[in-house]
Amino acid sequence: MTQAPASPAPHERARPIPRDVVRPAKDLCSDCGLCDSRWVAYVRQACAFLHQDFEGMEKRHHGRSRDLDNDDELYFGVQQRMLTARMRQPIEGAQWTGIVSHLGVQALKSGLVDAVLCVQQSPDDRFTPMPVLARTPEEVLAARVNKPTLSNNLSVLEQLPGSGIRRLLAIGVGCQIQALRAVQNTLPLEQLYVLGLPCVDNVSREGLNTFLHSASASPDTVVHYEFMQDFRIHFRHKDGRQETVPFFGLDTPRLKDVFAPSCLSCFDYTNAGADLVVGYMGAEFGRQWLVVRNQLGAELLDLIEADLDIAPVTSRGDRRAAVQQGIDAYDKAIKLPMWLAEVVGWVVQR
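The numbering used here puts the sequence shown at residues -19 to 330.
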């Protein structure tokens, strides 16, 4: 008796949703890219804004859920190890010292993976993200520097079938990683490593333009920027010049509506599903913090640990008071005089 052929998997029958069609998460869509691939078949269970299962995700990928009685795990998630670091020899042109870029390069050079899912920039616009499956160190390095706009990283899943990629390092933010984890077992991969980035307050490309023109004295020459630990926004310009602006001096009434609703609803800043996370907010100035969540994360850190200047994590100050002051100022949508913004920033740092 001839055996009936197996039914195709849901993603083998699905088609990507056209870009001009409203996504299932509607206004909360973070444009993670899942709906731009055939893996949209699983969107109801995978979308971070339609279905949340932190405890289950942590148990599946880290072997346990976070210990809510441990403050470090309460804030940062499951961890085997936490440290701060910077590259001993920084990568030229990197936003920080190049830890993420260096790890991507070493993952390829060592043969740990066949490709790295990362985000380059459009040839036409430095702030328009262009997700790629990088196969060479040069392609990884072309992705250095943060793109502070919504990016459909998971759209490149569509390129995996027939690509020959069996081992992948995926770099992404929380909403992207939650969706990726939900469909991981349906991907044509032998091994997936996940390098997570913390993420907050992304904007559309149009919203970014509004922000740059309201915050920087030279918006058209900004190469990258970051909200830093000194409560100032640090802008880097094409000529290498740095410009800093007090966070509390921003034109809040003008900027209040530029941030994506998905980001304002975010509940996964520290990227709970990643194997290894590289962030900065809360670390000593000039350093980044790294959280190893599981054995795969330890493998990733092993690739580059000898190249890092490592220091322990430290803690001081009242984070609750600092955050609450920021929330109050944002809710009131007040633009402070620059002298007062400087004073408020100094007080909050204490």
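Glycine included, every Cβ here is placed at the ideal spot set by N, Cα and C.
Here the structure is a predicted model, which is why all the values come from computation and not from measurement.
Can you find the residues in the same chain that come closer than 6 Å, C-beta to C-beta, to residue i, ignoring five residues on each side of it along the sequence?
| i | result |
| --- | --- |
| Pro141 | Pro168 |
| Thr77 | Arg66, Met67, Pro70 |
| Met(-19) | Note that Met(-19) scores a pLDDT of 45, beneath 50, so its modelled location is shaky and nothing firm can be said. |
| Gly187 | Val238 |
| Val271 | Phe56, Gln59, Met62, Val257 |
| Asp0 | none |
| Gln32 | none |
| Ala263 | Thr64, Trp269 |
| Arg161 | Met37, Gly253 |
| Met208 | His214 |
| Pro103 | none |
| Gly277 | Asp255, Leu256 |
| Asp47 | Glu53 |
| Gly259 | Pro178, Trp269 |
Cα-Cα, which of the options is closest to residue i?
| i | options | result |
| --- | --- | --- |
| Ser245 | Tyr22, Leu30, Arg234 | Leu30 |
| Pro199 | Arg221, Pro178, Val180 | Arg221 |
| Leu283 | Arg300, Gly91, Val203 | Gly91 |
| Gln60 | Gln275, Ile79, Pro292, Asp289 | Gln275 |
| Ser242 | Ala28, Ile(-3), Gly13, Pro(-2) | Ala28 |
| Arg267 | Glu223, Tyr249, Asp210 | Asp210 |
| Ile213 | His204, Glu118, Met261, Phe227 | Phe227 |
| Gly154 | Asp248, Asp51, Gly13, Arg40 | Asp248 |
| Asn132 | Gly176, Cys15, Val293, Asn251 | Cys15 |
| Asn251 | Gln101, Met37, Glu285, Pro233 | Met37 |
| Asp289 | Ile79, Val23, Pro(-4) | Ile79 |
| Gln100 | Leu48, Ala122, Val93 | Ala122 |
| Met261 | Glu285, Ala278, Asp255, Val293 | Val293 |
| Ser295 | Asp52, Asp105, Lys236 | Asp52 |
| Ala286 | Leu48, Arg106, Leu83, Gly229 | Leu83 |
| Arg24 | Arg3, Gly43, Lys39 | Arg3 |
| Cys179 | Lys127, Val225, Leu235 | Lys127 |
If we call anything under 8 Å between Cβ atoms a contact, is residue i one with residue j?
| i | j | result |
| --- | --- | --- |
| Ala26 | Ala159 | yes |
| Val120 | Ser81 | yes |
| Leu97 | Ile157 | no |
| Thr129 | Pro111 | no |
| Arg124 | Ala95 | no |
| Leu339 | Gly13 | The displayed coordinates of the chain run from -19 to 330. Any statement about residue 339 would go beyond what the structure contains. |
| Thr164 | Arg147 | Residue identity differs from the one stated: residue 164 is Gln in this sequence, not Thr. No, Cβ-Cβ distance for Gln164 and Arg147 is not below 8 Å. |
| Leu175 | Leu280 | yes |
Can you list, in chain order, the residues of its chain whose CB lies under 8 Å from that of residue i, leaving out five sequence neighbours each side?
| i | result |
| --- | --- |
| Asp231 | Ser194, Ala195, Lys315 |
| Ala(-6) | Arg18, Trp19, Val20, Ala21 |
| Ser(-13) | none |
| His217 | Ser198, Thr201, Val202, Val203, Glu223 |
| Glu35 | Ser45 |
| Asp291 | What sits at residue 291 in the sequence shown is Ala, not Asp. The answer, listed in chain order, is Leu63, Thr64, Ala65, Glu264, Arg267. |
| Asn189 | Pro199 |
| Val225 | Ala195, Ser196, Arg212, Ile213, Phe215 |
| Phe107 | Gln101, Lys127, Pro128, Thr129, Arg185, Leu188 |
| His39 | The residue asked about is misnamed: residue 39 is Lys in this sequence, not His. Here the set comprises Ser45. |
| Ser143 | Ala95, Leu113 |
Rounded C-beta distance between residue i and residue j? I'm assuming under 8 Å.
| i | j | result |
| --- | --- | --- |
| Ala87 | Leu149 | 5 Å |
| Thr166 | His41 | Not confirmed; about 15 Å, so no contact. |
| Leu113 | Ile145 | 7 Å |
| Pro(-2) | Glu138 | Rounded, the Cβ-Cβ distance is 13 Å, inconsistent with contact. |
| Val93 | Tyr173 | 6 Å |
| Asp298 | Arg273 | Not a contact, Cβ separation roughly 27 Å. |
When the cut-off is 8 Å and only beta carbons count, does residue i lie next to chain D?
| i | result |
| --- | --- |
| Gln139 | Structure shown: chain D not included; a single protein chain is present. |
Skipping 5 residues on each side, what residues in its chain have a beta carbon closer than 7 Å to that of residue i?
| i | result |
| --- | --- |
| Ala240 | Ser10, Leu130, Asn182, Val183, Ser184 |
| Pro117 | Val85, Leu88, Lys89 |
| Leu8 | Phe29, Pro241, Ser242, Ser245 |
| Met(-11) | Looking at the sequence itself, residue -11 is Ala, so the reference to Met does not match. Around Ala(-11): Thr166. |
| Gly43 | Asn274 |
Just checking residue i against the ligand SAH - is the residue's beta carbon closer than 7 Å to any of the ligand's heavy atoms?
| i | result |
| --- | --- |
| Val58 | The ligand SAH is not among the ligands present in this structure, which contains no ligands whatsoever. |
TODO: Return the chain-ordered ranges of every alpha helix (DSSP H) run that is complete within the region 24 to 56 and spans a minimum of 4 residues.
DONE: 34 to 42, 51 to 56
- [ ] Scan the region 59 to 147 and note each continuous beta strand (DSSP E) run of 3 residues or more that stays entirely inside, going in chain order.
- [x] 61 to 67, 95 to 102, 105 to 114
Open item on the list: Which runs of the alpha helix (DSSP H) at least 4 residues long sit entirely within the region 226 to 290? Give them in chain order.
Closed with: 232 to 235, 241 to 244, 275 to 284
Task: Start-end ranges of the alpha helix (DSSP H) lying completely within the region 145 to 217, minimum 4 residues - done: 154 to 163, 185 to 195
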